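Numbering (my numbering), first residue to last: 10 to 154.
Glycine included, every Cβ here is placed at the ideal spot set by N, Cα and C.
If you're wondering where the values come from, they're calculated on a predicted model, not measured in any experiment.
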């Protein structure tokens, strides 16, 4: 398993953030959303912030940021996750789920262990990561053709 993981990580370094973002949008499913009742095909990143942030951390490193959504129009989501990259910049690969109305959020660093301590989040992450990796492999296949 470790050899396969090393090979996967070797080609992932060739993935830029735009390609990852496209793969995220193509990969969002009702089954991998934290809010399946609110998820729809027009907003495929809805409810995917934690699992996408974890997957992005696998590829780009950095830290996970979390903020409460209480008191916003998105309180049904309870919280929001995004990434703090090693260079100090923040990136939110699921910002589109707010449909241009993302509230001002002050993130606090959370560990992977904290995020993955929720069994449902862990299951959604494991499934979504595979779907995203399949999408990214298509990108690399197209680039090498």
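Inset, instruction - Note down, in chain order, each residue of its chain lying with its Cβ closer than 6 Å to the Cβ of residue 15, except the 5 sequence neighbours on either side. - result: Below a pLDDT of 50, predicted positions are generally treated as unreliable, and residue 15, at 42, falls in that range; no measurement from the model is reported.
Legend entry - Exposure of residue 109, with buried meaning 16 or more beta-carbon neighbours within 10 Å: exposed
Inset, instruction - Quick one: give me the first and last residue of the alpha helix (DSSP H) that residue 1 is part of. - result: With the chain covering 10 to 154 only, the question about residue 1 has no answer from this structure.
Inset, instruction - Spell out a yes or no on whether the region 135 to 144 and the region 56 to 68 are touching, meaning 3 or more CB-CB pairs, one atom from each, closer than 8 Å. - result: yes
Inset, instruction - Check residue 75 in the structure and name its three-state DSSP category. - result: strand
Inset, instruction - Go ahead and pull the three-state DSSP assignment for residue 24. - result: coil
Legend entry - Short Cβ contact (7 Å threshold) for residue 73 with residue 133: no
Legend entry - C-alpha gap between residue 92 and residue 101, whole angstroms: 6 Å
Inset, instruction - Within 10 angstroms of the Cβ of residue 151, are there 16 or more other Cβ atoms? Answer buried if so, exposed if not. - result: exposed
Inset, instruction - Quick one: residues in its chain with C-beta nearer than 6 Å to the C-beta of residue 59, no 5 flanking neighbours on either side, listed in chain order? - result: 90, 124 and 130
Legend entry - Coarse secondary structure for residue 126, derived from DSSP in three states: coil
Inset, instruction - Reducing DSSP to helix, strand and coil, say where residue 55 ends up. - result: coil
Inset, instruction - Go ahead and pull the three-state DSSP assignment for residue 29. - result: helix
Inset, instruction - Pull up the distance between the alpha-carbon of residue 88 and that of residue 49, whole angstroms please. - result: 19 Å
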